[in-house]
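Colleague: In this note's numbering, the protein residues as written are 16 to 493. Take this structure first; my questions come after.
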Ligand code: UD1
Ligand code: CA
């Protein structure tokens, strides 16, 4: 079907009173992203960003800032007097700009975040095919309480007579099963012609966009409804509990998408996987794994329980043992981490490298096959290939004012419990004796010992004991 001239308005100006939160509703997150960003992403699959108009009002600047990078346009609804009033501002925006509005306007709700692009495309196509003035996306949930209800002209008919809000339902209408999703397509001219005719004489004292349906019907226009295939995608998030339901649904969808692509996820309901995470086939995720943000995991990896990976890239055949925490880092093919490794931002762990128990890294480049297996802190370091970092080694990277770099050449052996005071360079193939405090560069192939020499005093213990025992004298005995 030829795509007609379409714009999309997203209603996002409301406060979200029912959340009892200081954060604007549309900036609450599910699946690791603000509600509004999910809706904008769906909108941008149908039209260009500059054809998307976000209606903002409550905490407008905060909302604008949070989504500015998407490139969408904004319409201000300074006072929030209802969804009809929100669309009145869109009309005023075009009038003020002297601009011709798009021929059709799709309207989305900023708090209905699971909506899929396919569903929006189907709605658009039905709207154009049926030459409707208004097309409403609906659903029939097991409990319709709280939603506006769509009343058909007659059962089984496409035509709609009216939408009635929950609070305005007559007693005999309370069981009406078909809900309004808050997602619509309009012929823009017919929408705009009726917006000024809305009244706020209703239970909420607001101008309802939903009343446009009966106004259009009264004017002899065609108003139809199509039922969404999938119930979850039209559910709204008015309370934290509803939002967490949608969050779980979205993450389960992400898990299912990965499983369909060959990823094994044990107990997927325990895993927290953000909507846009990518994982390769034959990777295994154990229970209680979290993969967050822009994380990408290669094929054939195993991520053991309680690991949390944020904005990081893992190559192929990587093993994360239990309880690893990774933030904004990269891990090369075949590397093995943990248990309880902590990669802070800008850690680049090379191919087949090992980062073991209670090792913390930050802004580190670690070469191929290098190992730091136990109890270390490695920060601001460039570490070559085939390096062995012994247990308890610490880079002293901070002098209280500045951070300094430690450079460790290929094949270096750093003995356990050494402290490397940066700035410092250990030349390729050098050795650092265990327990050293190294403050000066070490040339290639050299051994550096930075500790006081051991002295051993044979028989010292017995001698001390003898000295410590008081001598028995007649005057001191009783
Ligand atoms: C609305 C519909 C209801 C539908 C439900 C689906 C109306 C009158 N009712 O009810 O039929 O079943 O959505 O989820 O439209 N907003 C503004 N400006 C305002 C008021 C709201 O931009 O002045 C925005 C909100 O930020 C929100 C959306 O519009 O994103 C819907 O508003 P909300 O108050 O949540 O409407 P519901 O009561 O859920
Ligand atoms: Ca709502």
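Glycine included, each C-beta is placed from N, C-alpha and C at the ideal position. Here the structure is a predicted model, which is why all the values come from computation and not from measurement.
To the nearest angstrom, how far is it from the Cα of residue 316 to the Cα of residue 266?
Modeller: 20 Å
Colleague: Less than 7 Å between the CB of residue 247 and some heavy atom of ligand 3, yes or no?
Modeller: With respect to small molecules bound, the structure shown includes ligand 1 and ligand 2 and not ligand 3.
Colleague: Alpha carbon to alpha carbon, how far is residue 245 from residue 103?
Modeller: 31 Å
Colleague: With residue 362 as the anchor, note down where its beta strand (DSSP E) starts and where it stops.
Modeller: That run of the beta strand (DSSP E) goes 362-364.
Colleague: Can you grab the Cα-Cα spacing for the pair residue 143 / residue 134, in whole Å?
Modeller: 14 Å
Colleague: For residue 114, does the count of other Cβ atoms within 10 angstroms reach 16, so buried, or fall short, so exposed?
Modeller: exposed
Colleague: Using three-state DSSP, classify residue 224 as helix, strand or coil.
Modeller: helix
Colleague: Identify whether residue 79 lies in helix, strand or coil by the three-state DSSP scheme.
Modeller: helix
Colleague: Is the distance from the Cβ of residue 123 to the Cβ of residue 198 below 8 Å?
Modeller: Their beta carbons are under 8 Å apart, which means residue 123 touches residue 198 by this criterion.
Colleague: Rank 200, 139 and 194 by C-alpha distance to the C-alpha of residue 161 and give the top, closest one.
Modeller: Residue 161 has its Cα closest to that of 194, out of 200, 139 and 194.
Colleague: Can you list, in chain order, the stretches of the beta strand (DSSP E) that have 3 or more residues and sit fully within the segment 242-295?
Modeller: No beta strand (DSSP E) of 3 residues or more sits fully in the segment 242-295.
Colleague: Under the assumption that residue 348 contacts residue 330 (Cβ atoms under 8 Å), give the Cβ distance between them as a whole number of angstroms.
Modeller: 4 Å
Colleague: Would the segment 225-245 count as touching the segment 144-157 if we require 3 or more Cβ pairs under 8 Å?
Modeller: yes
Colleague: One question on the structure: do residue 395 and residue 420 come within less than 8 Å of each other, judged by their Cβ atoms?
Modeller: yes
Colleague: Spatial neighbours of residue 96 within its chain, please: CB distance less than 8 Å, with the 5 preceding and 5 following residues excluded, ordered by chain position.
Modeller: Listed in chain order, the non-local C-beta contacts of residue 96 below 8 Å within the same chain comprise 215, 221 and 222, local neighbours out to five positions each way being set aside.
Colleague: Can you find the residues in the same chain that come closer than 8 Å, C-beta to C-beta, to residue 444, ignoring five residues on each side of it along the sequence?
Modeller: 424, 425, 426, 427, 459 and 460
Colleague: Nearest-angstrom Cα distance between residue 17 and residue 139?
Modeller: Because the pLDDT of residue 17 is 46, which lies under 50, any placement of that residue in the model is unreliable, and the number read from its coordinates should be weighed accordingly. Rounded to the nearest angstrom, the two C-alpha atoms are 11 Å apart.
Colleague: Please tell me whether, using a cut-off of 7 Å, the distance from the CB of residue 121 to the nearest non-hydrogen atom of ligand 1 is below it.
Modeller: no
Colleague: For residue 289, which residues of its own chain have a beta-carbon under 8 Å away from its beta-carbon, when the five flanking residues on both sides are left out?
Modeller: Contacts found: 46, 47, 48, 266, 269, 306, 307, 308 and 310.
Colleague: Would you check whether ligand 1 has a heavy atom nearer than 7 Å to the C-beta of residue 185?
Modeller: no
Colleague: Rank 129, 382 and 407 by C-alpha distance to the C-alpha of residue 52 and give the top, closest one.
Modeller: 129
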